Structures are given as C-alpha cells and as structure tokens.
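*Asks:* To start, I am sharing the structure in question, which I have written as structure tokens.
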C-alpha cells in the first residue's frame with residue numbers, strides 16, 4: 142500500500158519536479174538509507190576520507206555533468222557516492238564539431254565514454270532517460286526517476302541537461318533530421334550537414350540562421366560560417382554563404398569575425414544582422430529550401446537553421462526551477478544551487494549565470510559546484526566568498542588557422558552575478574594564425590581530459 | 047610554507063581546518079582549478095605542467111604575462127583576471143601538488 146502511494150507520488154511528477162512537501166514519505170525516507178549507488182573500488186586518485194559523506198545524482202553527462210562527477214569523487218572522496226545519468230552511453234562533443242563539416246574530423250573521433258570516470262574515479266554511470274526529480278530535503282534523500290522505472294537516490298541532485306530547441310515554423314524533428322539539420326547538438330545531424338555540404342553543387346547557396354542570444358557557444362555560428370565558406374571556396378567554386386543573424390551584431394570575437402567575413406572570406410560570406418526568422422519551407426524533392434525572415438525570403442541549396450534555445454526539459458517542465466523567464470534556471474553562482482529549490486544544483490547551459498553557455502566554462506561551473514557540495518557534505522556551508530571562472534575558446538577561421546577568445550569572471554556580490562573582471566576580457570586574438578590552430582587542438586584535448594579522464 | 051599567503055587566505059584556511067574532519071583541502075584548490083582546462087587536472091599535463099613548479103616561478107610568470115600585450119598570447123589576456131593574492135594562492139597550490 143505504501144509502495145503504491147510512493148509510485149503515485151512519482152507519477153504526479155512525471156512532467157518534472159513535484160514540490161518538496163509532496164515528496165515527503167516514509168518509504169522514501171527508508172529508501173534514502175540504501176541508495177542505489179554502489180561505487181566500484183576506488184583508485185588512488187580518490188581519497189578515502191575527506192570528511193564528506195553523502196550521495197549525489199547527476200543528470201546529464203555532458204561537459205558540466207561529467208566534470209562534476211569526476212571532481213565530486215576527487216574532492217569529496219570515497220564516502221561521496223556519485224551516480225551520473227545520461228540517456229546516451231557516450232558523449233558527442235559539440236566543441237570541434239564544426240570541423241566535421243569540412244571533413245577535418247568525424248563524429249566518431251569526437252565521441253567520449255564514461256569508462257575512466259567509472260574505473261578510475263568510482264563514478265557509477267547509469268544509462269537512462271530521466272522523467273522525474275524529487276528534491277532532497279535536509280538530510281533526506283531526493284530521487285531521480287527513469288523512464289524504465291528505476292529510481293536513483295541522492296542527498297544532493299545536480300541537473301546538467303544542456304539545452305532544448307524551440308520549434309521553428311515549417312520544421313519538424315523529422316525534417317530537421319533528414320533535410321534541414323541544425324547540427325547544434327553534435328551527432329547524426331552534424332554528419333548529415335557535412336554530407337549535404339559535400340554534395341552541394343558548385344555555385345550553390347548555403348544559408349544558415351543564427352538564433353537570438355542566449356544560445357550555446359557564442360562564437361560557434363560565426364565559426365561555422367567561416368569553416369563552411371573556406372571549404373566551399375576550395376571545393377565548390379562560386380558558392381555563397383548567407384548568414385541570417387537574429388542578433389543586431391556578431392555576438393563574440395567581433396574583430397576577428399568581421400575581418401574573416403570582410404577580408405578572408407570576402408565575396409563568399411554575406412553576413413546580414415537583425416534577421417528574425419519567421420518560417421521555413423522545406424523541399425523534399427531536391428529543390429531549394431526557402432527561408433523567410435523579417436527582410437524577405439532566400440533560397441538555399443543547403444539550409445542550416447539553428448533554432449533558439451531554452452534550458453533542458455527537466456528544467457522547463459518545472460516552473461519553480463525555470464525561474465528565469467520560464468526558460469532558464471536561476472542559480473546561486475557561488476555553488477550553482479537553484480535559487481528556488483534547495484539541494485538541487487544546475488550547471489552548464491541550462492543555468493542562468495551571467496556567463497556564456499559553452500563547454501569550457503561549464504567545466505569550471507561544475508568544479509565550483511563540486512567544491513560547494515563536497516564541503517556541504519562535511520558540514521561546511523560557508524559560501525565561496527569569491528568564486529572565479531574563466532571562459533576560453535579557440536575558433537577555426539579556415540582549415541588551418543584559428544582565433545581565440547578569453548574572459549575571466551568574478552563575483553559581483555551586489556547583483557549576485559558573475560561579471561567579467563575589469564581588464565580581463567572579453568579579449569580576442571590579434572589575428573587568426575596557424576599557431577592558434579595548433580593550440581586549439583591542445584586546448585581541446587586537455588579540456589576533454591579534465592572532464593572525462 | 048604559507049608565508050606568501052595573505053591574512054585573508056590564512057583565515058580561509060583556518061575555517062577549512064575547523065569544519066573538516068579530515069585533512070583540509072588547500073584553500074587555493076578550487077581557484078587553481080581554473081587552470082586545469084588547459085594545464086590538466088592538478089596541472090599535470092597540457093600547455094605547461096604546473097604540478098610541482100615553484101610558487102615563486104609561477105607567480106613571476108603570471109606577473110610578467112599581465113604586463114605583456116593581451117592579444118598576443120591567450121595567457122597574457124588570462125593572467126589579467128587574477129589579483130596578486132589569487133595568483134599567490136594558485137601558485138602555492140600547484141607548488142604543493144606531488145610531481
């Protein structure tokens with residue numbers, strides 16, 4: 142009977158979180174003593190006793206979630222049980238995925254697994270689709286329910302679901318997969334878009350649309366325009382790249398991208414700011430796709446519509462968590478704890494933190510969160526008085542040159558936001574160079590290693 | 047060993063000592079983790095290995111980079127984001143990572 146009530150409560154939460162008071166039940170309390178996490182033997186990398194004791198469930202195995210899992214074990218020690226949940230068995234890196242479009246790399250080369258997190262750090266990885274979250278209350282565990290009925294318990298829950306895409310008039314998921322890929326969540330659509338570009342006729346038109354900020358990876362769309370233009374120049378003479386940007390100006394690395402559009406790729410890239418997308422008409426017979434904005438209609442041989450973004454579904458399904466315009470999760474940037482639901486933390490692209498949505502900074506948000514949780518689990522609730530993060534990224538401008546961008550963020554205690562440290566960015570590279578391109582590869586390899594190995 | 051640290055840092059260390067039941071973590075650890083993305087976890091790989099380097103050499107390098115043209119090298123830009131106290135904490139952290 143109690144078991145049925147327990148399921149019933151979770152059933153009520155199928156669309157997301159239930160309120161904490163709904164979640165309080167004897168069965169759940171009893172369950173909290175036997176969390177489902179059974180971590181594997183710790184290696185020497187994980188300290189045996191840091192004083193921290195507890196269990197953490199992390200939803201989402203991207204840059205933020207994977208990093209949090211690793212550092213909770215590294216800093217929390219073997220008495221902090223960590224379960225990482227993702228619907229996929231592997232992670233496909235968004236970073237560098239624009240280089241799939243010019244054939245420099247492949248999605249399989251950009252695929253990462255969780256083997257080191259499990260074997261070297263003792264993280265438990267669970268593949269599954271999350272359908273409900275019950276927040277922990279005090280020392281009583283909360284829970285994460287999976288579509289297959291499994292339930293994971295944690296005294297802290299971290300949500301790192303990345304982004305979700307808004308609907309585009311005229312596009313369905315099937316049309317996106319087969320005809321007009323966004324390729325903005327790296328994977329099959331990235332490979333699809335690469336193949337469309339490879340098969341495009343010389344003298345053809347590639348059109349991409351950029352959503353209004355905030356979106357994932359501020360320099361990314363401009364980088365994509367450059368990489369595609371560079372490829373088309375060499376392989377499909379006479380082709381054009383039209384960039385329809387919903388924003389009033391280039392959102393990142395403006396100097397380098399303006400130079401790229403006006404000099405390096407002059408005559409190929411046609412950049413048009415302030416273009417609000419109103420609809421798409423897909424041709425499924427091999428004809429041109431039509432894309433309509435506030436300024437009129439253009440026709441594309443290959444069309445890449447990047448839809449506008451919002452936080453992951455697990456966030457937006459719960460209005461209490463999605464307390465920034467119903468679209469993003471407000472967080473205390475000293476710990477990344479939700480500003481409305483205690484013991485639930487949101488890191489990475491779903492959080493509204495005053496920082497860009499990108500993998501490098503998601504990694505750092507995860508470390509601040511892991512530090513705060515590891516300390517909380519040994520009774521130290523002192524907020525980090527001066528959290529610091531940094532954003533650094535490299536953007537390819539051609540097949541062998543790149544620029545870079547960096548910002549260091551510090552804590553604005555008055556507005557409780559992260560803000561750029563005066564004088565420390567955004568600062569961009571003086572020029573796109575081959576040295577920067579080589580540094581980009583090293584940066585990427587080291588970053589991925591810091592998150593996944 | 048902590049003579050480079052400021053009073054504020056030492057106070058932070060004291061707080062850690064009082065609240066943790068096991069050996070407290072270095073007070074510069076989460077700050078130094080800003081470097082891990084490019085220098086590897088605990089500074090053990092990447093662009094330049096920082097693990098086990100002397101605190102004074104890391105401090106000196108960071109101070110020199112702060113004074114060089116920001117757009118010529120990503121670290122010249124990056125170094126500008128950290129105060130003297132923060133650089134000292136970071137440098138002290140890496141100097142104590144077993145190499």
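Residue numbers (this note's numbering), protein chains in the order written: chain W, 142 to 594; chain P, 47 to 145. Just so it is clear, CB atoms sit at the ideal spot from N, CA and C, and this is done for glycine as well. As the structure is a prediction and not an experimental result, all values here were calculated from the model.
(1) Excluding the 5 residues flanking residue 254 of chain W on each side, which residues of the same chain have their C-beta closer than 6 Å to its C-beta?
(2) Under 9 Å, Cβ to Cβ, is there at least one residue of chain W near residue 91 of chain P?
(3) Cβ of residue 531 of chain W less than 9 Å from any chain P Cβ?
(4) Using three-state DSSP, classify residue 362 of chain W as helix, strand or coil.
(5) State the Cα-Cα distance for the pair residue 390 of chain W and residue 372 of chain W, rounded to the nearest angstrom.
(6) Any idea if residue 199 of chain W is buried or exposed, counting beta-carbon neighbours within 10 angstroms, 16 or more meaning buried?
(7) How many Å lie between residue 197 of chain W and residue 398 of chain W at the Cα?
(8) What does DSSP give as the partner residue(s) for residue 222 of chain W in the beta ladder?
(9) Between the region 99-124 of chain P and chain W, which residues of the former have CB atoms less than 7 Å from a CB of the latter, in chain order?
(10) Apart from the five residues just before and just after residue 325 of chain W, which ones in its own chain have a Cβ nearer than 6 Å to its Cβ?
(11) Determine the closest residue to residue 505 of chain W out of W:213, W:402, W:261, W:318, with distance taken between C-alpha atoms.
(12) Which chain P residues are close to residue 509 of chain W, counting only those with a beta carbon under 9 Å from its beta carbon?
(13) So which residues on chain W does residue 140 of chain P lean against when the C-beta distance must stay under 9 Å?
(14) Counting pairs of beta carbons, one from the region 303-322 of chain W and one from the region 253-270 of chain W, are three or more of them closer than 8 Å?
(15) Using a Cβ-Cβ cut-off of 7 Å (strictly less than) and excluding sequence neighbours within five positions of residue 429 of chain W, which residues of its own chain qualify?
(16) In the DSSP assignment, what residue or residues form a beta bridge with residue 430 of chain W?
(17) Suppose the cutoff is 7 Å on Cβ atoms and the five residues either side in sequence are ignored; what does the same chain contact list for residue 272 of chain W look like?
(18) Using a Cβ-Cβ distance cut-off of 9 Å, determine whether residue 145 of chain P contacts chain W.
(19) Between residue 509 of chain W and residue 476 of chain W, is the Cβ-Cβ spacing less than 9 Å?
(20) Would you please verify whether the beta carbon of residue 67 of chain P is less than 9 Å from any beta carbon of chain W?
(21) Looking at C-beta atoms only, is the number of pairs between the region 569-580 of chain W and the region 541-550 of chain W that lie closer than 8 Å three or more?
(22) Can we say the region 332-350 of chain W touches the region 450-460 of chain W, given the rule of at least three CB pairs closer than 8 Å?
(23) Kindly indicate the opening and closing residues of the alpha helix (DSSP H) around residue 318 of chain W.
(24) Any beta-carbon of chain W closer than 9 Å to the one on residue 148 of chain P?
(25) Would you kindly work out how many angstroms separate the C-alpha atoms of residue 589 of chain W and residue 89 of chain P, rounded to a whole number?
(26) Please confirm if the region 205-220 of chain W is in contact with the region 512-523 of chain W, defined as three or more CB-CB distances below 8 Å between the two stretches.
(27) To the nearest angstrom, how far is it from the Cα of residue 584 of chain W to the Cα of residue 223 of chain W?
(28) Taking the alpha-carbon of residue 219 of chain W as reference, which of W:433, W:187, W:330, W:250 has the nearest alpha-carbon?
(29) Would you say residue 580 of chain W faces chain P, with C-beta separation under 9 Å as the test?
(30) For the putative contact between residue 226 of chain W and residue 278 of chain W, defined by C-beta atoms under 8 Å, what is the C-beta separation to the nearest angstrom?
(31) Can you find the residues in the same chain that come closer than 8 Å, C-beta to C-beta, to residue 81 of chain P, ignoring five residues on each side of it along the sequence?
(32) Within 9 Å (strictly less), CB to CB, does residue 568 of chain W reach chain P?
(33) According to DSSP, which residues form a beta bridge with residue 273 of chain W?
(34) Given a cut-off of 9 Å, decide if residue 351 of chain W and residue 317 of chain W are closer than it, judged by their beta-carbon atoms.
(35) Looking at the secondary structure, which residues open and close the beta strand (DSSP E) in which residue 531 of chain W lies?
(36) Can you give me the start and stop residues for the alpha helix (DSSP H) that residue 208 of chain W sits inside?
*Replies:* In terms of the structure at hand:
(1) The count along the first chain starts at 1 and reaches residue 254 of chain W at position 113. The residues are 231.
(2) On the second chain, position 45 is the one that residue 91 of chain P refers to. It does: the Cβ of residue 91 of chain P has a partner Cβ on chain W nearer than 9 Å.
(3) One-based indexing of the first chain puts residue 531 of chain W at position 390. At least one chain P Cβ lies under 9 Å of residue 531 of chain W.
(4) For the purposes of this step, residue 362 of chain W is taken as the residue at position 221 of the first chain. Here residue 362 of chain W sits in helix by DSSP.
(5) On the first chain, position 249 is the one that residue 390 of chain W refers to. On the first chain, position 231 is the one that residue 372 of chain W refers to. So the alpha carbons of these two residues sit roughly 24 Å apart.
(6) Along the first chain, one-based indexing puts residue 199 of chain W at 58. Buried, because 16 or more other Cβ atoms sit within 10 Å of the Cβ of residue 199 of chain W.
(7) The residue you call residue 197 of chain W lines up with position 56 of the first chain. The residue you call residue 398 of chain W lines up with position 257 of the first chain. The straight-line gap from Cα to Cα measures roughly 42 Å.
(8) Position 81 of the first chain holds residue 222 of chain W. The partner list for residue 222 of chain W (beta bridge, DSSP) reads W:196.
(9) 116, 117, 118, 120, 123, 124
(10) Position 184 of the first chain, counted from the start, is the residue given in the question as residue 325 of chain W. Same-chain partners within the cutoff: 447.
(11) Looking up residue 505 of chain W in the first chain gives position 364. Nearest option by C-alpha distance: W:213.
(12) Locating residue 509 of chain W in the first chain gives position 368, where the first residue counts as 1. Those within 9 Å of residue 509 of chain W in chain P are 76, 79.
(13) Against the second chain, residue 140 of chain P aligns to sequence position 94. Near residue 140 of chain P there are no residues of chain W at all, since even the closest Cβ is about 15 Å away, more than 9 Å.
(14) no
(15) Against the first chain, residue 429 of chain W aligns to sequence position 288. Result list for residue 429 of chain W: 440, 441, 442, in chain order.
(16) For the purposes of this step, residue 430 of chain W is taken as residue 289 along the first chain, with counting starting at 1. Per DSSP, W:441.
(17) As a first step, residue 272 of chain W is located in the first chain; it is residue number 131 there, counting from the start. Answer for residue 272 of chain W: 155, 286, 287, 288, listed in chain order.
(18) Position 99 of the second chain, counted from the start, is the residue given in the question as residue 145 of chain P. Not closer than 9 Å to any Cβ of chain W, the Cβ of residue 145 of chain P fails to qualify, so no.
(19) Counted from its first residue, the first chain places residue 509 of chain W at position 368. Counted from its first residue, the first chain places residue 476 of chain W at position 335. Yes, these two residues count as a Cβ contact at 9 Å.
(20) The count along the second chain starts at 1 and reaches residue 67 of chain P at position 21. Note that residue 67 of chain P has pLDDT 47, beneath the 50 cutoff, so the model's placement of it is unreliable and the number below is only indicative. With a threshold of 9 Å between beta carbons, residue 67 of chain P makes contact with chain W.
(21) yes
(22) no
(23) Counted from its first residue, the first chain places residue 318 of chain W at position 177. Looking at the DSSP string, the run of the alpha helix (DSSP H) that includes residue 318 of chain W is 314-319.
(24) A question about residue 148 of chain P goes unanswered here, because the residues of chain P that appear run from 47 up to 145.
(25) Residue numbering aside, residue 589 of chain W sits at position 448 when the first chain is read from its first letter. Residue numbering aside, residue 89 of chain P sits at position 43 when the second chain is read from its first letter. Near 14 Å, if we compare the C-alpha coordinates of residue 89 of chain P and residue 589 of chain W.
(26) Yes: at least three Cβ pairs fall under 8 Å.
(27) Taking the first chain and counting its residues from 1, one reaches residue 584 of chain W at position 443. Taking the first chain and counting its residues from 1, one reaches residue 223 of chain W at position 82. When rounded, the distance between both Cα atoms is 27 Å.
(28) By 1-based counting over the first chain, the position of residue 219 of chain W is 78. Measuring from the Cα of residue 219 of chain W, the nearest candidate turns out to be W:187.
(29) As a working mapping, residue 580 of chain W is identified with position 439 in the first chain. Closer than 9 Å: yes.
(30) To locate residue 226 of chain W, count along the first chain from 1; it is residue 85. To locate residue 278 of chain W, count along the first chain from 1; it is residue 137. In fact, because the Cβ distance is near 21 Å, the residues do not count as touching under 8 Å.
(31) Taking the second chain and counting its residues from 1, one reaches residue 81 of chain P at position 35. Hits under 8 Å: 89, 96, 136, 140.
(32) Residue 568 of chain W sits at position 427 when you count from the first residue of the first chain. Interface residue, yes.
(33) Mapped onto the first chain, residue 273 of chain W falls at position 132. DSSP lists W:286 as partners of residue 273 of chain W.
(34) Along the first chain, read from residue 1 onward, the residue named residue 317 of chain W stands at position 176. Along the first chain, read from residue 1 onward, the residue named residue 351 of chain W stands at position 210. Cβ atoms of residue 317 of chain W and residue 351 of chain W: not closer than 9 Å.
(35) Working through the first chain from its first residue, we reach residue 531 of chain W at position 390. Residue 531 of chain W -> beta strand (DSSP E) spans 530-537.
(36) Translated into positions along the first chain, residue 208 of chain W becomes position 67. For residue 208 of chain W, the enclosing alpha helix (DSSP H) stretches over residues 204-217.
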